[in-house]
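The sequence shown begins at 1 in the UniProt record's numbering and counts up by one.
Here a beta-carbon is modelled for each residue, glycine too, at the ideal position from N, C-alpha and C.
What follows is a single structure, written as structure tokens, with notes after it.
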Amino acid sequence: MSEAVRNWARNVEFRAARVHRPASVEELRGVVAGGTGVRVLGTGHSFNRIADTEGDLVVLSGLPAEVEVDAEARTATVAAGMRLAEISSRLHAAGYGLANLPSLPHISLAGACATATHGSGDGNQNLAAFVRSMRLVDADGDVVELARGADEDFAGYPVGLGALGVVTHLTVDVQPTFDVAQYVYVDASLDELIEKREDAYAIGYSVSTFTNWADGRCNVWLKLRADAGRALIPPQRDWLGGTLATAPSHPVPGEPAETCTPQLGVPGPWFERLPHFRPEFTPSKGDELQSEFFVPRARAGEAFEAVRRIGGRIAPVVLTSEIRSIAADDLWLSPAYERDCFALHFTWIPDRAAVTPVLAALGDALLPLGARPHWGKLFVGGPAAALATYPRAEDFRRLLERRDPAGRFRNEFINRLF
């Protein structure tokens, strides 16, 4: 490889023999048809080697940026490699929005869907659940279109880990644009949050809690939706033992609040409030590692207590930890497949040696409870460690063998899974 390509956090250097930046779908078809170990690099926001290859690495940012709204169908067809920030601003300008967004709008839609990236909210599914249909270049270099309701194995595709083809376009469900107001409660009680979690997470359209798991305190980010028929009702000043913030803040203590989306209850468009971070700044801290575990909501109490027991080990190596809620879906490799979840996210210091033993302890504590790690983040034990918790894993294996019998889209990560 003539150029060094790294991921966003710079903890992974890709080993590709060739890097391609096709400017058209036709050019992409040629790359795929003649390629080996074809993998797609989105915005590089994965923290493991899910996108790595020793063969052909494809970057889709050169494809035309397209957003086409079908008002009657309530869908939008978008170029898969576009970043969520650009997609969102175009949708809003057309009078539409997505139901939810992840904490950062910097990532590509296709990459977010392929790894089941999500936001928060009891009624909100991950982004892949928005996909109505998808267009991809398959292992033969042909363009194939698949649709929800038309293809019986469609649920295997949206969270496809990049193993079923190169997605070029996604058609996603949209709704009329809406406003959101964001409030932050500081220095709340982690004990009270855990005890009252069902009520606490039901209050907002999207709720996130940030903690270090050791000092017993947390900050709660509450996002309230306001659109037709809904009024913004400011929350009470004191809640869960915390106080309503009077100045903006950042999820990572000590980082500048100016990089975050507006708070203090000032309403604004969905795409400028649902993410935590603004697209023109580096999200989170930047120099970091990340992990996340999706635990069944029915076992959340056990999971929280298990993490608290090792909080003293977590705190020295964590920048912040976020708790979010996600609604169940029917996508085969989604960590929320057929179960509502709480997702426990960890933003680590950039020291893999210091983080690894703590991450192993987290796995030991959470995997027995049925936790599923985020596909694009770090976890110990290899990808296959969590595969037993996916009831449709064998169906995905068969789909993979049927769609890509020669392994054109395989890499080490996929081979260790399937």
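Shortest Cα-Cα distance from Trp-332 to any of Gly-37, Asp-153, Thr-43 involves Asp-153. Under the three-state reduction of DSSP, His-92 is assigned to helix. Considering only Ile-314, Gly-216, Gly-363, the residue with the shortest C-alpha distance to Ala-354 is Ile-314.
Arg-18 places its beta carbon 8 Å or farther from that of Val-12. Measuring C-alpha to C-alpha distances from Ser-321 to each of Gln-125, Val-180, Asn-219, Leu-164 identifies Asn-219 as the nearest.
Straight-line measurement puts the Cα of Arg-339 at about 30 Å from the Cα of Glu-288. Here Gly-35 is buried. Its C-beta has 16 or more other C-beta atoms within 10 Å. For Arg-324, the enclosing beta strand (DSSP E) covers residues 318 to 326. Annotation: the continuous alpha helix (DSSP H) that includes Cys-113 extends over 109 to 114.
In this structure, Val-69 keeps its C-beta atom at 8 Å or more from the C-beta atom of Ala-99. If you draw a 10 Å sphere on the C-beta of Val-266, you find fewer than 16 other C-beta atoms in it, and that means exposed. The stretch 14 to 28 and the stretch 120 to 129 do not touch, with fewer than 3 CB-CB distances between them shorter than 8 Å.
Closest in alpha carbon position to Gly-407, among Phe-396, Pro-102, Ala-139, is Ala-139.
In the DSSP assignment, the residues bridged to Val-58 are His-20, Val-40. Residue environment for Gln-182: buried (at least 16 other C-beta atoms within 10 angstroms of its C-beta). For a cut-off of 8 Å, the C-beta gap from Leu-264 to Pro-279 is around 20 Å, too long to register as a contact. Leu-41 is a Cβ neighbour of Ala-51, given a cutoff of 8 Å. For Leu-366, the three-state secondary structure derived from DSSP is helix. Exposed is the label assigned to Gln-175, since fewer than 16 other Cβ atoms lie within 10 Å of its Cβ. Under the DSSP assignment, Glu-192 falls in the alpha helix (DSSP H) whose first and last residues are 190 to 195. Here the alpha carbons of Ala-336 and Arg-297 stand approximately 10 Å from one another.
For Arg-416, the uninterrupted alpha helix (DSSP H) segment begins and ends at 412 to 417. A contact is defined here as three or more CB-CB pairs under 8 Å, and the stretch 141 to 151 fails this definition with respect to the stretch 75 to 91. For Asp-173, the enclosing beta strand (DSSP E) begins and ends at 166 to 173.
Segment contact: the stretch 158 to 177 against the stretch 399 to 413, three or more CB-CB distances shorter than 8 Å; contact assigned. Segment contact: the stretch 355 to 372 against the stretch 294 to 313, three or more CB-CB distances shorter than 8 Å; contact assigned. By the Cβ rule, the stretch 352 to 366 counts as touching the stretch 377 to 389, because three or more pairs are nearer than 8 Å. Within the DSSP secondary-structure output, Ser-291 pairs in a beta bridge with Phe-346. Runs of the beta strand (DSSP E) lying entirely within the stretch 195 to 260 and spanning at least 3 residues, in chain order: 206 to 211, 217 to 226, 242 to 244.
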